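Peer 1: Numbering (our numbering), first residue to last: 18 to 262.
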Ligand code: ADP
């Protein structure tokens, strides 16, 4: 679906992504693991245009491409934003909007859908993530796991081609993690193309088709979950897995 070549991103003098090339295949789940500060969040943010890479090339299979070494238009960046739905570590819901309003915001404001259609679709999505009875509640009235499931419904509402998850369960109490991972597993089974940053090794083993291990702005090792998580070759991958298991 998307081929990324030689992606680079710096913040001032800090080179955060040094030379990242990845192929993301349609209907597959790519998991990204790696120590804190290795550039995982920045990579996801570059994938949907929340950060603009300094260098690199994106080629989508529908013919849309972006070359960050040259000029790119606002229209192209907007196209990129609409291709990928993002689920954030800290949910990032609008605090003064209900669950339903959080989910309809994107379709109505960004995509210009009529409110009635957007509400009907949003109710369906909230039902899908197990929140049919919570649609009129505000974020502060919901548990962390429920807020994150609203976050997932909100990302799905813009009908993206690609779903990006940035450590979606890392802010949750252990007993709430399972529900959120369950929703993500269901999406994987439905054939969504997804990129998931996570430290949940058993989840990554179960759900991902491809695992990337990042360190210091590079992809150090990649392959099937069995290759990378059970038989890692690189010392840095081995060391990381020993630490978190
Ligand atoms: P990870 O997700 O692997 O923990 P990040 O992508 O969040 O890594 O961060 C990688 C590095 O980039 C860190 O050193 C972080 O402090 C830095 N960084 C991230 N975003 C910014 C920013 N907007 N401005 C300056 N530095 C940043």
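No residue lacks a Cβ here, since even glycine has one placed at the ideal position from N, Cα and C.
Predicted model, so just to flag it, every value in this text is computed and none were measured.
1) Taking 8 angstroms as the threshold (C-beta atoms), are residue 124 and residue 257 in contact?
2) Which value, in whole angstroms, describes the spacing of the CA atoms of residue 160 and residue 232?
3) Which of helix, strand or coil does DSSP assign to residue 18?
4) According to DSSP, is residue 108 helix, strand or coil?
5) Indicate whether residue 108 and residue 19 have their beta-carbon atoms separated by less than 8 angstroms.
6) One question on the structure: do residue 198 and residue 218 come within less than 8 angstroms of each other, judged by their Cβ atoms?
7) In chain order, which continuous runs of the alpha helix (DSSP H) of length 4 or greater are located wholly inside the segment 110-179?
8) Using 8 angstroms for Cβ pairs, my map puts residue 225 next to residue 48. What's the rounded Cβ distance?
9) Would you identify the three-state DSSP class for residue 222, choosing helix, strand or coil?
10) Going along the chain, which residues of its own chain have a beta-carbon closer than 7 angstroms to the beta-carbon of residue 146, five neighbours each way excluded?
11) Apart from the five residues on each side of it in sequence, which residues of its chain come closer than 8 angstroms, Cβ to Cβ, to residue 261?
12) Any heavy atom of ligand 1 closer than 7 angstroms to the CB of residue 182?
13) Would you check if the distance between the CB atom of residue 210 and the CB atom of residue 41 is smaller than 8 angstroms?
Peer 2: Walking through what the data contain:
1) no
2) 33 angstroms
3) coil
4) coil
5) no
6) No.
7) Listed in chain order, the complete alpha helix (DSSP H) runs (minimum 4 residues) inside the segment 110-179 are 116-122, 132-145, 161-174.
8) That belief holds up - the Cβ atoms of residue 225 and residue 48 are roughly 4 angstroms apart, short of 8 angstroms.
9) helix
10) 166, 169, 170, 200
11) 216, 218
12) no
13) Contact flag set, yes.
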